[in-house]
Amino acid sequence: MRFYRLLAQHILSRQAPPDLRAAVVLLPNYHAALPLAQALSSVSGALLLPQMLTLADWAQSLPLIVQPDSQRIVALYQALRERRWFPDADLWSLSRELLTLMDELTRHYVTLPETSEEFARQLAEAYQARSGQAMQFEARVVHELWYAMASSDDLDASRACQQRLAQLARQVDCPLYVLQTCDPDETETRFLQACRERVEVTVFDLRAMVAAEPDCALLACALQQDGRSADLLSTAAGFKPDAALGGRLRLFGAHGMEQEAQAADVQIRRWLLEGRQSIAVVVQDRLVARRLRALLERARVAVQDETGWTFATLSVSTVLMRWLEAVQGDFYYQDVLDLLKSPFLFAENPAQRKQAAYQFEQLVRKHGVVAHLQDLIAVAGLHAPELVQPLVRLRQAARLLANNHLPLAGWLHALHESLEILGVVQGWQQDAAGQQLLQLLALWRDELQSDTSGKYSYAEWRRWLSQQLDLNTFRDVSVDSPVLFTHLPATRWRSFDAVLLLGCDAMHLPAPANTGQWFNDAVRATLGLPLSGKQQAQVRDDLLGLLAMNDNVLVTWQDRRDGEPNLLSPHFEMLRALHLLAFGDDLMDTELGGMLEKAQVRILQPAIDNPQSGMPRPVVTPELIPLRISPSGYNSLVACPYQYFARHVLRLNELDEVREELDKRDYGTWVHEVLQRFHTEIPLLNDHPDAEQILRRISDEVFADALAHDYLAQAWLLRWQALIPAYLDWQRDNEEAGWRYQAAEQPIKLEVSENLLLSGRIDRIDVRVDDAAVTAVLDYKTQSAYALKNKLKEPGEDVQLACYAQAAGAGAAAFVSLEDDTVLAVAPTHDITVLALDNLERLKTIFEQLHSGVPMPAHGAEKACAYCEMQGLCRRGEWEEKQERGLRTEDRVDAGEMHG
């Protein structure tokens with residue numbers, strides 16, 4: 023508040039209290055109004071305050087008709103499209119860049135030469151290069167479009183602002199007091215110069231005020247001079263003790279993004295416990311800010327966000343863009359599924375939408391229809407009748423967007439009608455961001471209503487809309503919290519109870535200078551535009567003001583990024599170096615680091631006491647224990663109990679993937695069907711010399727449907743056809759050995775205990791010619807014989823054949839390898855009868871243990887984990903790392919005790 027007190031004393035020395043209404047105070051933002059009013063009252067007591075407002079709002083008080091940017095960018099787009107200068111470019115983005123350049127030229131009163139040739143010569147001199155074809159083209163583009171836009175009678179926002187300020191300067195009749203932290207732009211400078219000709223203008227430059235304060239001497243030296251000193255040692259020696267910053271500013275270097283977010287989370291919660299009512303988080307790194315916000319919200323700490331988020335990143339826009347993508351992509355299943363999962367779709371009936379999303383996902387996974395709305399409706403009519411009505415609703419809405427070319431306003435009108443049919447408008451009306459988006463769409467529709475000359479394709483309109491969503495920001499003003507996320511320019515002349523500067527590495531602070539899309543600094547200097555260094559100087563000035571006005575600041579950055587050293591911002595690096603030389607303190611916050619380390623030790627303590635404690639070990643309540651198990655489920659239980667728990671107890675079995683291309687699983691399914699039909703038609707090969715022709719005919723019939731939809735099926739068919747002679751040879755050898763085909767695809771059920779049933783399906787059962795009581799179970803595998811032998815190497819590791827043998831009462835069992843141009847039966851090396859009994863007894867024992875409360879640990883071997891879809895739930899890598907770190911901590915503790 024001391025700087026505001028200085029302001030108040032100066033104003034009161036010029037204005038006679040108690041009535042200050044004859045003066046105008048121009049603020050950088052309205053947050054400065056309250057502390058200034060409090061300072062004036064504390065110095066003089068009760069009084070009538072001066073008029074306090076921002077220059078932008080003062081200018082807006084004068085009415086002018088202004089052409090909106092939406093109309094201007096459309097005019098630029100049409101000009102570029104007509105001239106065909108950039109046939110392959112994104113003209114909407116290019117139009118936006120050109121509009122930004124033209125606004126900058128206007129704001130700085132730049133007048134281009136009368137001809138493009140003269141402008142090209144001016145550019146060549148600035149570039150210090152010969153005027154070639156490319157430079158002449160650049161000059162022609164800017165020059166021609168500049169004069170085309172400038173010739174319009176309509177006022178753009180920049181010219182309107184200049185006219186308003188010029189009119190204000192002619193009317194002003196009271197003294198002005200201006201609060202600044204950095205140099206004003208050209209428009210503001212000219213306005214203040216004009217005002218000085220009529221009234222007294224007093225500028226309070228925070229930079230000069232900071233430099234005059236003894237306790238800010240080091241700040242001013244490090245930031246205002248940017249550390250440019252011939253001798254840092256002599257500079258540091260000149261600071262007095264009251265310039266030390268150790269009690270006001272600390273730095274924390276984190277070992278990665280997660281630790282930086284955790285450190286910020288811990289510090290903010292410490293400040294809240296201390297009773298601080300205004301905590302500013304000045305964000306430099308948006309990724310860290312996202313993570314910090316998640317941590318705070320998990321701790322039920324609400325966050326105000328002055329920066330906001332672009333509409334393109336919000337869920338209200340996601341449903342919009344998914345809808346447009348679905349229409350453009352002929353309702354590709356992933357777009358439709360994302361659309362159905364949005365809570366804004368069919369908002370009047372959420373239960374219907376959820377049911378439709380579930381049914382649609384099951385439909386495409388089971389039946390493989392991946393696109394075309396009409397095909398999806400047809401398949402739904404056969405297999406999911408309740409899904410037809412939601413899909414028909416999508417078709418009805420899509421018809422409104424079926425035009426080839428429309429004006430932008432026409433597309434926006436059709437979009438609104440389609441969203442009303444889908445219930446999205448109703449959903450948006452119940453959401454703060456949705457309400458703002460509806461207002462924006464209506465605003466754009468009204469602004470562009472007069473533009474009927476240009477028509478745009480669906481793709482052109484979509485690109486325009488996507489850019490508009492990316493340029494507009496949503497701010498949630500309903501949140502009231504002591505924790506505020508903001509950006510550096512918004513902190514001008516503001517004081518907080520505590521400030522956290524987040525993500526202050528050299529990459530983010532200062533941000534890379536924007537030198538302009540079209541011109542470098544040499545050309546900008548020639549034209550009279552500000553150089554790239556001005557933006558960085560403004561950042562430095564804002565940072566100085568923030569640090570000077572706040573007495574409790576923590577600065578965080580990642581000292582390592584992706585395993586590599588990551589430099590602190592040069593502003594704070596210079597500050598740290600000067601402070602270390604002057605006072606022997608590098609400003610590093612070791613206390614916060616110690617707190618994080620202690621918290622980590624507490625988290626790891628159970629792992630120290632019990633190295634296995636990090637491993638998931640759920641205990642299943644009896645009512646959740648499955649009553650049925652398949653051989654594949656039994657294999658999962660043996661490989662990893664936790665995997666079985668996740669798949670079959672929690673029922674998180676991975677859904678079948680939507681296979682847009684054929685793969686080996688399809689091949690295996692077709693081969694199984696071919697062999698089932700073949701052996702049903704020809705149980706004995708010796709009776710049919712034409713067996714190969716019959717097998718090839720059946721193969722063609724089975725593969726026919728796949729061939730009609732996907733040419734890749736031909737490759738799988740050729741692969742199988744090449745194996746047919748080898749299969750027939752193996753089948754004849756099998757028959758000569760005394761075996762006969764009996765049945766295929768036989769369901770099995772075996773009661774393991776009172777509350778457990780083993781069920782499955784056997785690919786094939788053979789029987790002995792000389793003894794019908796002797797049977798064998800065979801399981802076709804499109805795997806190599808080597809892989810199958812490894813699978814059966816350890817008895818009990820793979821339980822499939824043993825389960826089938828026990829259920830069928832078979833005396834033999836084998837996998838039949840259909841791979842590598844050979845067909846070979848691979849049987850277990852141990853007696854199948856003994857193996858079957860042992861497996862059944864083990865299964866019974868395991869389930870008895872589950873009923874008695876034995877946990878299900880995640881102790882699968884690495885090969886079982888390699889392709890396990892439950893890795894995200896198990897998080898083996900994370901808890902194994904914690905165990906290792908916990909054991910290392912235990913070793914350090916033991917070593918310390920031994921040393922002691």
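So the sequence shown is residues 23 to 922, counted in my numbering. Yeah, the Cβ is synthetic: ideal placement off N, Cα and C, and Gly gets one too.
Q: Check the DSSP bridge columns for Thr495 and list the partner residues they point to.
A: Thr332
Alpha helix (DSSP H) segments (min. 4 residues) lying fully within the stretch 267–301: 279–295
Three or more C-beta pairs below 8 angstroms linking the stretch 444–456 and the stretch 368–378 = yes
Which residue comes first and which comes last in the alpha helix (DSSP H) that contains Ser440?
Here the alpha helix (DSSP H) through Ser440 covers 430–443.
**Asked** Between the C-alpha atoms of Met124 and Leu214, what's the straight-line distance to the nearest angstrom?
**Response** Between Met124 and Leu214, the C-alpha separation is close to 24 angstroms.
*Based on Cα-Cα distance, which residue from Glu891, Trp742, Arg650, Ile854 lies nearest to Glu776?*
Arg650
#### Entry: Rounded Cβ spacing between Trp946 and Leu459 (contact assumed at less than 8 angstroms)
In the structure displayed, the chain extends from 23 to 922; residue 946 sits before or after that span and is not available.
Q) Whose CA, out of Leu240, Tyr478, Val386, lies closest to the CA of Leu267? A) Leu240
query: Does the beta-carbon of Gly525 have 16 or more other beta-carbons within 10 angstroms, so that it is buried, or is it exposed?
result: buried
Checklist entry - Is Leu865 closer than 8 angstroms to Val799 when the C-beta atoms are compared? => result Result no, Cβ atoms of Val799 and Leu865 do not sit closer than 8 angstroms.
Output needed for Val323: all residues of its chain with C-beta closer than 8 angstroms, excluding positions within five of it in sequence on either side, in chain order. Cβ neighbours of Val323 beyond the five flanking positions: Ile290, Arg291, Leu294, Ser503, Val505.
**Item:** Inter-residue spacing [alpha-carbon to alpha-carbon] between Thr548 and Val163
**Value:** 18 angstroms
Discussion item. Three Cβ pairs or more, each shorter than 8 angstroms: is that satisfied between the stretch 297–313 and the stretch 477–488?
Written reply: Here the stretch 297–313 makes no contact with the stretch 477–488; the two share fewer than three CB pairs at distances below 8 angstroms.
* To do: Assign Pro633 to one of three DSSP states: helix, strand, or coil.
  => For Pro633, the predicted structure reports a pLDDT of 38, less than 50, and the residue's modelled location is therefore unreliable. A value from the coordinates is still provided. If DSSP states are grouped into helix, strand and coil, Pro633 belongs with coil.
#### Entry: Neighbour-count burial assignment, Tyr664, 16 or more Cβ in a 10 Å radius
Per the 10 Å Cβ criterion, buried.
message = Can you look up Gln768 in the DSSP assignment and give me helix, strand or coil?
response = Looking at Gln768 - three-state DSSP - the assignment turns out to be strand.
*Let me know if Glu819 comes out buried or exposed under the rule of 16 or more other beta-carbons within 10 Å of its beta-carbon.*
exposed
Proximity winner among Cys204, Ala216, Arg212, Glu219, relative to Ala230 (alpha-carbon distances): Cys204
Residue ranges of each alpha helix (DSSP H) within the stretch 445–516, 4 or longer: 446–451, 454–469, 480–493
(Q) Less than 8 angstroms between the beta carbons of His53 and Thr329, yes or no? (A) The criterion of a C-beta distance shorter than 8 angstroms is not satisfied by His53 and Thr329.
Rank Leu706, Leu134, Gln100 by C-alpha distance to the C-alpha of Trp761 and give the top, closest one. Leu706
| Do the stretch 719–727 and the stretch 799–818 make contact, defined as three or more Cβ pairs closer than 8 angstroms? | no
**Request:** Sort Leu336, Ser839, Gln768, Gln158 by Cα distance to Lys813 and report the nearest one.
**Result:** Ser839
For Asp4, tell me which candidate among Asp397, Pro236, Ala455, Gly615 has the shortest Cα-Cα distance. What is shown of the chain runs 23 to 922, which leaves residue 4 out entirely.
I think Leu430 touches Trp486, with their Cβ atoms under 8 angstroms apart; what is that distance to the nearest whole Å?
-> 6 angstroms
According to the neighbour-count rule (16 or more other Cβ atoms, all chains shown, within 10 Å of its Cβ), is Tyr355 buried or exposed? buried
Query - Chain-order list of residues whose beta-carbon lies under 8 angstroms from that of Arg27 (same chain, five-residue window excluded) - result: Ala61, Ser64, Val65
- Would you please state the rounded distance, in angstroms, between the beta carbons of Leu86 and Gln185? I believe it to be under 8 angstroms. 7 angstroms
Task: Beta-carbon separation (whole angstroms), Leu167 vs Met157, contact threshold 8 angstroms - done: Actually they do not touch by this definition, with Cβ atoms about 16 angstroms apart.
Next item on the list: Using the Cα positions of Pro206 and Ala378, report the straight-line distance between them to the nearest angstrom.
Entry: So the alpha carbons of these two residues sit roughly 57 angstroms apart.
Of the listed residues Ala233, Cys196, Gln202, nearest to Glu219 (C-alpha basis): Nearest C-alpha to Glu219: Cys196.
**Item:** Cut-off 6 angstroms between Cβ atoms - residues of its own chain near Phe667, not counting five sequence neighbours on either side
**Value:** Result list for Phe667: Pro640, Met878, in chain order.
(message) Let me confirm a value: Arg516 is counted as buried when at least 16 other C-beta atoms fall within 10 Å, else exposed. Which label applies?
(response) buried
Looking only at C-alpha atoms, which of Ser364, Leu385, Ala393 sits nearest to Gln350?
-> Check the Cα spacing between Gln350 and each of Ser364, Leu385, Ala393: the tightest is with Ala393.
Next on the checklist: If contact is defined by three or more beta carbon pairs under 8 angstroms, each pair taking one atom from either stretch, is the stretch 600–618 in contact with the stretch 256–263?
Outcome noted: yes
Worksheet item: Which of the three DSSP states, helix, strand or coil, is assigned to Ser781?
Response: When DSSP states are grouped into helix, strand and coil, Ser781 belongs to the strand group.
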